[in-house]
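Numbering (the numbering used here), first residue to last: -3 to 381.
See structure below.
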C-alpha cells in the first residue's frame, strides 16, 4: 500500500488513526524539547570616554544555552545565524521507532461497538531542521533587547501494524494501515527577550531577564507550543579567574520559571550551571548542565485493555474493572512527571577581529524521561556592529 503524504493536515494527524489523538501535552513537550539558543552574545563592549570608542570588556563567551549577566554594550548590534538538527529518539526510554503494545486494547468501533487490538509495531521518525535568526541590540549600557525567529522544517514518518484479536478464539488478523510520510516548513515560536544588569561588583555581575514566547509556530506540526509563555530569569556571572597566562575560567548560573499562560501544569522550572575555559581571549571551550522540571505529569494515551495479556476477555461487555480488565497507557509511556537533564559542550572562536565569531555545540541528553532526542549538533556565526 502506498505511503500517505501530508498536505494541508498537520503532522499530528498521523497519530489519530485507530488509537486516538496524540495528547496536547505530549505535542507541547516535543516542541519544548527543541533547544533555544541564549540571547547573550559572544562579546561585550563598553564606551571608553578617554578614547571616544567602544572597547571590549570581556573575553569570548563560550556558552550557547546559558545567559551571561554582562550586556552587549550601548548602541551595539549583534546578528546571529545558527543551524541545528533535532532527531527525536525515545519517549520515557522507549525507542520511538520500535514501539509496540501486545496487551489487548479494547477499542471502540462504529461497526461492532468494541474490538480487541494488539500493536506489534508502531515506528515513528520525527526530525527537525532549524535555522534561527537572533538579533540583539544594546539599548543602554545595562539593557539588552533581543528578537529570535526560528525557521523549522519538520519531517515525520510513521509505520504501524495493528492486529485484530478474536475474543472467542484468540486468533488475530492483520489490519492494513497505510504508512505515513510528511513534512512541514514554517516559522516556530518567536521570542522577545530582555536582560538588565542590576549589579556589577568586583566579584560578579547579576542580571534579570524576561522572555516572552509568542505562539507563532504550529503545534500540530510540532513547531510551537500553541500558547503564550513568559519566563522571568536570574543570571549570575562571576568574573574571570586566571588559571595561567593565557587561560581564564568563567562560571555561570541561570535560573527561572517558564510560565504557560493557559495551563499552569505545563509551567517549567529551568536552571543551568556552566563554565568556560578561554584561551587568549580568542577562543573558549564551554561545558554546561541544563535542567527542566515541569509542574505536571505528561498526559498518557490511556486505553482500556485486558491487563493480563490474554484475549479471552470479551470486548463488547461493559468496561468493568476486574482482575482481567482495566486501563493502562499506550506503549507504557506518559502518565508521570518528567525531569530533563542535558549536557552542553561547545566552543566559540573569534574568526575576524572583534566582529565575526563562529561557534559549534552539541547537546547531549543525560536521562531518558519524556521525549528525548539524539545528540543535537549546532553550528553558527555571529557578527557585531
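Ideal Cβ placement from N, Cα and C applies to all residues, glycine included.
The structure presented is a predicted model; accordingly, all values stated were derived computationally and were not measured.
Residue 47 counts as exposed, since fewer than 16 other beta carbons sit within 10 angstroms of its beta carbon. Residue pairing for residue 157: DSSP places it in a beta bridge opposite 117.
If the five residues before and after residue 253 are omitted, its C-beta is found closer than 6 Å to the C-beta atoms of 265, all from its own chain and listed in chain order. Within the DSSP bridge table, the entry for residue 146 names 128 as partners. In the DSSP secondary-structure assignment, residue 249 is bridged to 232, 269. In the structure shown, residue 56 falls within a coil segment according to DSSP collapsed to helix, strand and coil. If you draw a 10 Å sphere on the C-beta of residue 238, you find fewer than 16 other C-beta atoms in it, and that means exposed. Of the other Cβ atoms in all chains shown, fewer than 16 fall within 10 Å of the Cβ of residue 242; this residue is therefore exposed. Fewer than three beta-carbon pairs drawn from the stretch 70 to 82 and the stretch 339 to 350 are found closer than 8 Å, and the two stretches are therefore not classed as touching.
In the three-state DSSP reduction, residue 50 falls in the strand class (E or B). For residue 132, the closest of 158, 96, 35, 217 by C-alpha to C-alpha distance is 35. Cα atoms of residue 235 and residue 205: separation of roughly 19 Å, rounded to the nearest angstrom. The Cβ atoms of residue 23 and residue 215 lie closer than 8 Å to each other. Contact check between the stretch 283 to 292 and the stretch 133 to 148: fewer than three CB pairs, one atom from each, fall below 8 Å, which does not count as touching. Take the alpha-carbon of residue 53 and the one of residue 74: they are about 16 Å apart. The C-alpha of residue 273 is placed about 8 Å away from the C-alpha of residue 58. At least 8 Å separates the beta-carbon of residue 85 from that of residue 271. Contact check for residue 94 against residue 119 passes: the beta carbons are separated by less than 8 Å. When C-alpha distances from residue 256 are compared across 376, 87, 226, the shortest belongs to 226. CA-CA distance, residue 11 to residue 148, rounds to 20 Å.
Distance from the CA of residue 240 to the CA of residue 275, rounded to the nearest whole angstrom, comes to 10 Å. With at least 16 other beta carbons inside 10 angstroms of its own, residue 40 counts as buried.
In the structure shown, the three-state DSSP call for residue 261 is helix. If you compare the alpha carbons of 174, 125, 173, 192 with that of residue 181, the shortest gap goes to 125. In this structure, DSSP gives residue 227 an extended state, which the three-state scheme calls strand. Within its own chain, the residues whose Cβ lies closer than 6 Å to the Cβ of residue 37, once the five positions on either side in sequence are excluded, are 68, 74, 132, listed in chain order.
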